[in-house]
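Just so you know, my numbering puts 111 at position 98 of the sequence shown, and the rest follows in order with no gaps.
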Amino acid sequence: MNKHYRRYGFESDLEKALNRVDFFRIFHTMALRYGFEHFGVLQLANEHETSMLSSRLVLHDLPAGLAETYDKRHRINDSAIFKSFYKSTIPTVWLGTDASENGAAGVDFLDQIGFDMALAIPVHSIAGTRYVVLFLGDGEDIGRTEHLEICYEANCAFDYFYRQVLANKAGMGLTPRETEILRWISYGKTASEIALIVSVSEHTVNSHTATILKKLDVVNRTQMVAKAIREQIIQ
14 MNKHYRRYGF
24 ESDLEKALNR
34 VDFFRIFHTM
44 ALRYGFEHFG
54 VLQLANEHET
64 SMLSSRLVLH
74 DLPAGLAETY
84 DKRHRINDSA
94 IFKSFYKSTI
104 PTVWLGTDAS
114 ENGAAGVDFL
124 DQIGFDMALA
134 IPVHSIAGTR
144 YVVLFLGDGE
154 DIGRTEHLEI
164 CYEANCAFDY
174 FYRQVLANKA
184 GMGLTPRETE
194 ILRWISYGKT
204 ASEIALIVSV
214 SEHTVNSHTA
224 TILKKLDVVN
234 RTQMVAKAIR
244 EQIIQ
């Protein structure tokens, strides 16, 4: 990175970070430094797509099983904090004491997940995919200076995390041929049509399709294409 990018006190940590463990430590330390107990990095789905908190978290230090327990009782799509991500990209502090001002819906997520305070910082990848860095705790409101500092640091840390870890996941392990077949499927081509286009047998196309389904962990072609677009495998 060019030297004019200012990362302040944790530049060396970012430069050395290579994997999930390194970034886990960076985000966890950041959370504690600003008075929070936990963090989570969420990838945003389509606003109207049913989402599970556990499946949206790409990195977090929440207590074991907390996200899965939440998913059994609630849908994150229905929470006010989730809906706010599609109305504004301004970093927002949510407090349990806001109930009287915002109504029950304003603090539903905090009540359901068991914390008194949340700081949501919308971020995005260089590919345009939207994420949110979420800090959770039971402390008091964060001051203006600390708010600005943690928002800047979270953006820097996420930028490195995406380029070093998440971007390397792009492709989900698909081979060039599998990606090519996936792209033709997204255009609505049948297996027999794709076989003619790429000069292989229809059996081979079906075999590749089955492999793609398995690698993307989906059950049909519609889900396969939707996830491929969401993960930036195809445009």
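For each residue, glycine too, the CB sits at the ideal point set by N, CA and C.
In this structure, does DSSP put residue i in helix, strand or coil?
| i | result |
| --- | --- |
| Ile-126 | helix |
| Arg-176 | helix |
| Pro-76 | coil |
| Leu-187 | coil |
| His-61 | coil |
| His-87 | coil |
| Leu-31 | coil |
| Val-218 | helix |
How big is the Cα-Cα spacing for residue i and residue j?
| i | j | result |
| --- | --- | --- |
| Ala-44 | His-51 | 6 Å |
| Ser-199 | Asp-151 | 46 Å |
| Ile-163 | Phe-122 | 21 Å |
| Asp-91 | Ser-97 | 11 Å |
| Ala-117 | Asp-230 | In this prediction, Ala-117 has a pLDDT of 47, which is less than 50 and means its spatial position is unreliable; what the coordinates show is noted afterwards. So the alpha carbons of these two residues sit roughly 36 Å apart. |
| Arg-196 | Ile-210 | 12 Å |
| Ala-180 | Ser-214 | 33 Å |
| Phe-95 | Leu-147 | 11 Å |
| Ser-138 | Gln-125 | 29 Å |
| Phe-84 | Leu-57 | In the sequence as presented, Phe is not what sits at residue 84; that position holds Asp. Cα to Cα, Asp-84 sits roughly 16 Å from Leu-57. |
| Pro-135 | Tyr-144 | 6 Å |
| Asn-168 | Phe-23 | 13 Å |
| Ile-242 | Phe-49 | 34 Å |
| Val-218 | Gln-236 | 18 Å |
| Thr-192 | Met-130 | 43 Å |
If you follow the beta strand (DSSP E) that residue i is part of, which residue opens it and which one closes it?
| i | result |
| --- | --- |
| Thr-105 | 105-108 |
| His-51 | 51-56 |
| Leu-149 | 143-150 |
Can you find the residues in the same chain that come closer than 6 Å, C-beta to C-beta, to residue i, ignoring five residues on each side of it along the sequence?
| i | result |
| --- | --- |
| Phe-174 | Phe-36 |
| Glu-159 | Tyr-47 |
| His-87 | Gln-125 |
Let's see if you can read the secondary structure: which residues bound the alpha helix (DSSP H) around residue i?
| i | result |
| --- | --- |
| Glu-206 | 204-211 |
| Thr-235 | 234-243 |
Under 8 Å, with one C-beta from each stretch per pair, do the stretch 76-86 and the stretch 58-68 reach the 3-pair mark?
By the Cβ test, the stretch 76-86 is in contact with the stretch 58-68, since at least three Cβ pairs between them sit closer than 8 Å.
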